[in-house]
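In numbering that gives the first Met the number 0, the protein residues as written are 0 to 106.
A virtual CB, placed ideally from N, CA and C, is assigned to each residue, including glycine.
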Amino acid sequence: MKREKIKSEILELIDDNYSNWRKAAFYSDPEVVEVLDRLQRVWEEEGMKGYPIDYASDEELALLYDKARTYAYMPEDRARSIVFGRQGGGEEEQGSSLRRFLRRLLG
Numbered sequence: 000m001k002r003e004k005i006k007s008e009i010l011e012l013i014d015d016n017y018s019n020w021r022k023a024a025f026y027s028d029p030e031v032v033e034v035l036d037r038l039q040r041v042w043e044e045e046g047m048k049g050y051p052i053d054y055a056s057d058e059e060l061a062l063l064y065d066k067a068r069t070y071a072y073m074p075e076d077r078a079r080s081i082v083f084g085r086q087g088g089g090e091e092e093q094g095s096s097l098r099r100f101l102r103r104l105l106g
């Protein structure tokens, strides 16, 4: 699958998903957070040209795509459980990931 198609699929699966719980589960996933934080840094360093996802390696795109497919189709109550589990886990990094996601969502 071509890079542009993969990026488009990720956006459709997550950002266009009607379930905010699925979005929250995706955006609070520790591996997703790690990749998106790196992409955000690179994007800012490059003068905010294009979109952060444009700077993803093939491996990062594959990871984001696999995660997007996992979260996009999971039962909504499972996604909600994951989000609450991450939030209530007491791990500061996961809690901050959820807060960042909610700011993006509600911003």
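- Three or more beta-carbon pairs separated by less than 8 Å link the segment 28-45 to the segment 53-68, which places the two stretches in contact.
- Around the beta carbon of A61, fewer than 16 other beta carbons sit within 10 angstroms, so the residue counts as exposed.
- Taking I9 as reference, the option from R79, M73, R68 and V82 with the minimal CA-CA separation is R68.
- Secondary structure of A55 (DSSP, three-state): coil.
- Contact annotation, A71 with R2: C-beta distance approximately 19 Å; criterion of less than 8 Å not satisfied.
- Contact check for L63 and V31: beta-carbon distance about 7 Å, within the 8 Å limit, so the pair qualifies.
- For N19, the enclosing alpha helix (DSSP H) starts and ends at N19 to Y26.
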